[in-house]
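Chemist:
Residue numbers (my numbering): 5 to 250.
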């Protein structure tokens, strides 16, 4: 990561005075912000720089890492009929946000009873990587978001989901999901065993969501402008991928 930032710095026009912090400290500040989500005022005090400088530094480091393409999700598209991408697991998680001044109902989650942004995570078990993250407002249902991003997994043989995606098979996918219990009709033992098997396989996506939420910028109420949320969660997903491949 330091190498990427040094490369970006070398390509920049040398205008103005140099940054107060070394490249390594700029990276540490940014990772500290994403991981602990301290206020920028706290970080300014810890690193002995102005609060506005903290904001510029975080934005500069995030943009440099994403622009390098080394810290993005796998570039290879899963819309090809590649055998390695024949099945994926999808799930949605929600991140709290500040109450918007406008369009409050758009971001109000009936499930959380709060204003949220929804992130759909597409995980590929064979490569053990997150291969897609899609963002929507909190009021949008999981299945509606999945239908909007249908092209990302249309060539998969199977898509594993929870019961929140019941009805997605109408779009022509082969779904692997738990068998829904019908009213006054208990499940057979074979169906219960099938549900347990699905649960054991699908639990990996819950672990991935947990890894993402270790970055407190995603687990606490998001205080920043929403327009950079997509960039940040994609960067964090790429960092989680790197940690899982080590």
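Ideal Cβ placement from N, Cα and C applies to all residues, glycine included.
Out of 250, 159, 36, 95, which has the shortest C-alpha to C-alpha gap to residue 203?
Modeler: 95
Chemist: Output the distance between the C-alpha atoms of residue 188 and residue 93, rounded to the nearest integer angstrom.
Modeler: 30 Å
Chemist: Compute the Euclidean distance between the alpha carbons of residue 115 and residue 48, then round it to the nearest angstrom.
Modeler: Going from the Cα of residue 115 to the Cα of residue 48 covers about 37 Å.
Chemist: Here's a check: name, in chain order, each residue in its chain whose Cβ is nearer than 8 Å to the Cβ of residue 102, leaving out the five neighbours to either side.
Modeler: 119, 225, 226, 227
Chemist: Going by C-alpha distance, which of 15, 26, 21, 170 is nearest residue 6?
Modeler: 26
Chemist: Which whole runs of the alpha helix (DSSP H) in the stretch 156-181 are 4 residues long or more, in chain order?
Modeler: none
Chemist: Assign residue 97 to one of three DSSP states: helix, strand, or coil.
Modeler: strand
Chemist: In this structure, does DSSP put residue 14 in helix, strand or coil?
Modeler: helix
Chemist: Can you tell me whether residue 119 is helix, strand or coil according to DSSP?
Modeler: strand
Chemist: Using only the heavy atoms of the ligand GTP, determine whether one of them is closer than 7 Å to the beta carbon of residue 36.
Modeler: Looking for the ligand GTP in the displayed structure turns up nothing, as the structure carries no ligands at all.
Chemist: In chain order, what residues of the same chain have a beta carbon less than 7 Å from the beta carbon of residue 65, not counting five sequence neighbours either side?
Modeler: 9, 30, 31, 34
Chemist: So does the stretch 11-23 actually touch the stretch 190-204, counting three or more Cβ pairs closer than 8 Å?
Modeler: no
Chemist: Quick check on the DSSP output: the beta strand (DSSP E) that includes residue 133 runs from which residue to which?
Modeler: Membership of residue 133 in the beta strand (DSSP E) is indicated by the continuous run 133-141.
Chemist: Tell me the rounded alpha-carbon separation between residue 140 and residue 42.
Modeler: 25 Å
Chemist: Check residue 105 in the structure and name its three-state DSSP category.
Modeler: coil
Chemist: Our contact map puts residue 127 next to residue 212 with C-beta atoms below 8 Å; I'd like the distance itself, whole angstroms only.
Modeler: Contact flag correct, Cβ pair sits at about 5 Å.
Chemist: Taking 8 Å as the threshold (C-beta atoms), are residue 165 and residue 123 in contact?
Modeler: no
Chemist: Which residues in the same chain as residue 71 place their Cβ atom closer than 8 Å to its Cβ, once the five residues preceding and following it in sequence are excluded?
Modeler: 12
Chemist: Could you pull out every residue in the same chain whose Cβ sits closer than 8 Å to the Cβ of residue 77, ignoring the five residues on either side in sequence?
Modeler: In the same chain as residue 77, and ignoring 5 residues on each side of it, the C-beta atoms closer than 8 Å to its own belong to 133, 134, 135, 136, 137, 238, 241, 242, 245, in chain order.
Chemist: If distances are taken between C-alpha atoms only, which option among 247, 233, 250 comes closest to residue 121?
Modeler: 233
Chemist: Applying the 10 Å Cβ sphere with the 16-neighbour rule, what's the burial state of residue 236?
Modeler: buried
Chemist: Between 167, 208, 40, which has its C-alpha nearest residue 221's C-alpha?
Modeler: 40
Chemist: Compute the Euclidean distance between the alpha carbons of residue 171 and residue 210, then round it to the nearest angstrom.
Modeler: 22 Å
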